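Just below is one structure, and these are the notes that go with it.
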Amino acid sequence: MRPLARPQLHELYYYLALSRKLEDILARMHREAKLDGALWLRPGLEAVALGATFVPTPKDTVSCSLPTVAALVLRGVRSDQILLQVMGKADGASRGRDRSMFFGQVSRGMIAPASHACTHLGVTAGIAWANRYQNNDGVSLTLVSEEAVATGDFHEAVNFAAVHRLPLVVVVVRNEASISSASFPNGTGVPLLFERLQGYGLKAVPVDGSELIAVIQCVDSAFERARRGDGPTVIEANVTLSWRYEFGEHNLPQPFVGSELGNAETREPTDRDMGTDPLRKFERYLKEHDAMTNEEHLQLLTRVDATLAAAVVEAEGAAEPTADDLFGGVYFDTASPVLE
Amino acid sequence: MQEVSYLEAIRQAMWDEMERDSTVVLLGEDIGTYGGAFKMTEGFLSKFGPERVIDTPISEEGYTGVAIGAAYGGLRPIVEFQFIDFIANAFNMITNFAAKSRYRWGAGVPMVLRGPSGAGVRAGPFHSQSPEMHFVHTPGIKVVVPATVEDAYGLMKAAVRDEDPVLFLEHKKLYRHLKVPAELIAKAGDMVPLGRAALRRSGRDLVILTYGAMLYPVMEAASQLAQEEIEAEVVDIRSLVPLDTDTVLSSVRRTSKVLIVHEDTRTGGFGAELAAIVAEEAFDELDGPIIRVTAPDTPVPYAAALEDAFLPQVDDIVAAAKKLVAY
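Protein sequences, first through last, are from chains A and B. Each residue of the first sequence is one higher than the one before, counting from 1027 in the working numbering. Each residue of the second sequence is one higher than the one before, counting from 630 in the working numbering.
Here you go:
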């Protein structure tokens, strides 16, 4: 993989910061009762989601079941579009018919997941098959949460992909965020997933999910492998931090707002927290490598704020769906083929 | 005279569609090398190749998901469940992913889900089911049940070309028992549209609404009733979703008495839905109660004596018709 150019690095930082800030805004809106129902967020996953989705080209397909803004932005989804969707507005991607960040747009090669864990993985394996059948070199990238590895859907999908050597890249995100079903010993019988997954006859590797460049490099290698016809890769991305607290004046979002997890402990961020925050890590990386000056940093943050301010105004003023739209989209609108 | 069976008609329809459209592909267990448990897909692998005819692992949920993805990716998959009873394993993918896909985010899933359903062959609880209502009750899925060889051919072609997921329920007892002269389905391109019921017999004294393999005991019953000068109109619903209510209600208005016959179990069966529609839309036209003849609310039994007691018989239909006509 070629080294990233300065403008690319700045754009990555911009989107990292924007993803984090937009989730802040969503958390605030939820606390202000501007969003109905539960809201799930995953601050801290920005490097995994952004790094993984940096690699696919327009001919590739992306699906992410984790509720993170960072999985959407590099596919060209704007901040106002994300807000419209989460707010259930008429012009949201699902027109108010589905919640949260179950974002899908056929034109952008984005596949919306369902709430049922890991059901999207078989689907993206199917897209990988269709791509190979049609000789269009497309690869399917799928992000799944660690708890989904226990499902039958995960097993059937990766098994199928391995048997048929499909151009599929799976990123299993381990972020300690599952309620009680994640990782060892509740969700799996072994502590390291990638070692277990090698038993499927595919390639499985680990990566530090808080290191943006490392994630890009790892996913890029997997894509090259897929395009060569060498079959699927599963990447175990560890995000070794737990954001179950609320910073004092830093005003970072309380994660899992509205979810079943309930109370979050409140404490000051530790050095470990600061050392594993992907946003702070990438900022340090860029400055240490003279890839971003303080002034450029400030400009990027100012641009983030301006973009999000405009997006919030746009989304809050947008129309709600009406009952007239209740039946739309259940079936294809035109009639079935008739006798000739 | 060359004849074609119900099974051969389905096979021919899939073959014709795969020849016509290179995006039509097949997935299922043992469909390739083995040619399918009922030899439905014999010859397909050598003709169309291993990239279009996929022998899957035993993983109905997984390969149904793969089929959904293939549909997103521009293909038109036909998914086989070796016995339709095993569609239960894929219930989640069908009802929560495929059925809601267009509604949630505008992505249609042109896909056919097919397999042998129905009882009467001493196959027991897991090889004899009529699962239609699980999917009739799921908005976003279409459901068709061909009863004739011509419909098996024509509805399969229409199902393949439909832009929505279509559940195509074949009756295994009809596979090799039902045959017609080959020229009846020789005309290429004939399709039977979804959403159209078929009037199988005109009558005046009552209408019998039915679908699937029950058409045959119903027609036999109608013959017997005719000998006693009771003329039964028979409507073959054949498309449960979308439903041709116009044809149904037209027959109801013409005869004023409604008997519903289906092989599926009673509670929550399609007969209940039809009865509700008729009561809501044509109550003033009725001269008697809406009566159903169905299987009882039990799993399908294996032993011959039990299965014969389970399935609606000609005598049951005749008795119910006479009771209705007497009102």
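Built from N, CA and C at the ideal position, the CB exists for glycine as well. Given the structure is predicted, the values throughout are model-derived calculations rather than measurements.
Inter-residue Cα distance where the pair is residue i and residue j
{"i": "residue 652 (chain B)", "j": "residue 821 (chain B)", "result": "21 Å"}
{"i": "residue 757 (chain B)", "j": "residue 1082 (chain A)", "result": "46 Å"}
{"i": "residue 1042 (chain A)", "j": "residue 718 (chain B)", "result": "40 Å"}
{"i": "residue 900 (chain B)", "j": "residue 776 (chain B)", "result": "17 Å"}
{"i": "residue 1094 (chain A)", "j": "residue 1127 (chain A)", "result": "7 Å"}
{"i": "residue 958 (chain B)", "j": "residue 793 (chain B)", "result": "Not covered by the structure: residue 958 (chain B). The range shown for chain B is 630 to 956."}
{"i": "residue 742 (chain B)", "j": "residue 856 (chain B)", "result": "41 Å"}
{"i": "residue 1180 (chain A)", "j": "residue 1144 (chain A)", "result": "6 Å"}
{"i": "residue 766 (chain B)", "j": "residue 908 (chain B)", "result": "19 Å"}
{"i": "residue 712 (chain B)", "j": "residue 1248 (chain A)", "result": "38 Å"}
{"i": "residue 1281 (chain A)", "j": "residue 1306 (chain A)", "result": "Legend: pLDDT at residue 1281 (chain A) = 41, less than 50; position of this residue unreliable, no value from coordinates given."}
{"i": "residue 830 (chain B)", "j": "residue 925 (chain B)", "result": "27 Å"}
{"i": "residue 1332 (chain A)", "j": "residue 1086 (chain A)", "result": "31 Å"}
{"i": "residue 1030 (chain A)", "j": "residue 1077 (chain A)", "result": "12 Å"}
{"i": "residue 876 (chain B)", "j": "residue 826 (chain B)", "result": "6 Å"}
{"i": "residue 1245 (chain A)", "j": "residue 1261 (chain A)", "result": "8 Å"}
{"i": "residue 723 (chain B)", "j": "residue 1225 (chain A)", "result": "29 Å"}
{"i": "residue 1230 (chain A)", "j": "residue 686 (chain B)", "result": "21 Å"}
{"i": "residue 910 (chain B)", "j": "residue 879 (chain B)", "result": "11 Å"}
{"i": "residue 943 (chain B)", "j": "residue 836 (chain B)", "result": "16 Å"}
{"i": "residue 1188 (chain A)", "j": "residue 796 (chain B)", "result": "28 Å"}
{"i": "residue 702 (chain B)", "j": "residue 1157 (chain A)", "result": "7 Å"}
{"i": "residue 932 (chain B)", "j": "residue 658 (chain B)", "result": "28 Å"}
{"i": "residue 1161 (chain A)", "j": "residue 1150 (chain A)", "result": "16 Å"}
{"i": "residue 903 (chain B)", "j": "residue 1105 (chain A)", "result": "48 Å"}
Any chain B beta carbon closer than 9 Å to residue i
{"i": "residue 1257 (chain A)", "result": "no"}
{"i": "residue 1315 (chain A)", "result": "no"}
{"i": "residue 1191 (chain A)", "result": "no"}
{"i": "residue 1101 (chain A)", "result": "no"}
{"i": "residue 1320 (chain A)", "result": "no"}
{"i": "residue 1357 (chain A)", "result": "yes"}
{"i": "residue 1129 (chain A)", "result": "yes"}
{"i": "residue 1181 (chain A)", "result": "yes"}
{"i": "residue 1142 (chain A)", "result": "yes"}
{"i": "residue 1036 (chain A)", "result": "no"}
Residues bridged to residue i [DSSP beta-bridge criterion]
{"i": "residue 839 (chain B)", "result": "B:865, B:890"}
{"i": "residue 657 (chain B)", "result": "B:684"}
{"i": "residue 1259 (chain A)", "result": "A:1195, A:1229"}
{"i": "residue 731 (chain B)", "result": "The partner list for residue 731 (chain B) (beta bridge, DSSP) is empty, contrary to what the question assumes."}
{"i": "residue 922 (chain B)", "result": "B:890"}
{"i": "residue 1136 (chain A)", "result": "A:1088, A:1131"}
{"i": "residue 745 (chain B)", "result": "B:799"}
{"i": "residue 759 (chain B)", "result": "DSSP lists no partner for residue 759 (chain B)."}
{"i": "residue 1264 (chain A)", "result": "A:1200, A:1234"}
{"i": "residue 1171 (chain A)", "result": "A:1199"}
{"i": "residue 827 (chain B)", "result": "B:865"}
{"i": "residue 707 (chain B)", "result": "B:655, B:741"}
{"i": "residue 772 (chain B)", "result": "B:796, B:870"}
{"i": "residue 1069 (chain A)", "result": "DSSP lists no partner for residue 1069 (chain A)."}
Residue i classed as buried or exposed, judged by whether at least 16 other C-beta atoms fall within 10 angstroms
{"i": "residue 755 (chain B)", "result": "exposed"}
{"i": "residue 1100 (chain A)", "result": "buried"}
{"i": "residue 912 (chain B)", "result": "exposed"}
{"i": "residue 1153 (chain A)", "result": "buried"}
{"i": "residue 1216 (chain A)", "result": "exposed"}
{"i": "residue 812 (chain B)", "result": "exposed"}
{"i": "residue 1353 (chain A)", "result": "exposed"}
{"i": "residue 1079 (chain A)", "result": "buried"}
{"i": "residue 1330 (chain A)", "result": "buried"}
{"i": "residue 692 (chain B)", "result": "buried"}
{"i": "residue 631 (chain B)", "result": "exposed"}
{"i": "residue 1346 (chain A)", "result": "exposed"}
Any C-beta of chain A under 9 Å from that of residue i
{"i": "residue 866 (chain B)", "result": "no"}
{"i": "residue 730 (chain B)", "result": "yes"}
{"i": "residue 666 (chain B)", "result": "no"}
{"i": "residue 737 (chain B)", "result": "yes"}
{"i": "residue 644 (chain B)", "result": "no"}
{"i": "residue 726 (chain B)", "result": "yes"}
{"i": "residue 733 (chain B)", "result": "yes"}
Report the residues of the stretch 686-717 of chain B with a CB closer than 7 Å to any CB of chain C, ordered along the chain. Structure shown: chain C not included; protein chains present are A and B.
Three or more C-beta pairs under 8 Å: does that hold for the stretch 835-845 of chain B against the stretch 670-678 of chain B? no
Is the stretch 1067-1074 of chain A close to the stretch 1236-1245 of chain A, with three or more CB pairs under 8 Å? yes
For the pair the stretch 879-886 of chain B and the stretch 914-923 of chain B, tell me if three or more CB-CB distances fall below 8 Å. yes
Taking contact to mean 3 or more Cβ pairs, one atom from each stretch, closer than 8 Å, check whether the stretch 783-799 of chain B and the stretch 641-651 of chain B are in contact. yes
Taking one C-beta from the stretch 1160-1178 of chain A and one from the stretch 1109-1116 of chain A each time, how about it: are there three or more such pairs within less than 8 Å? no
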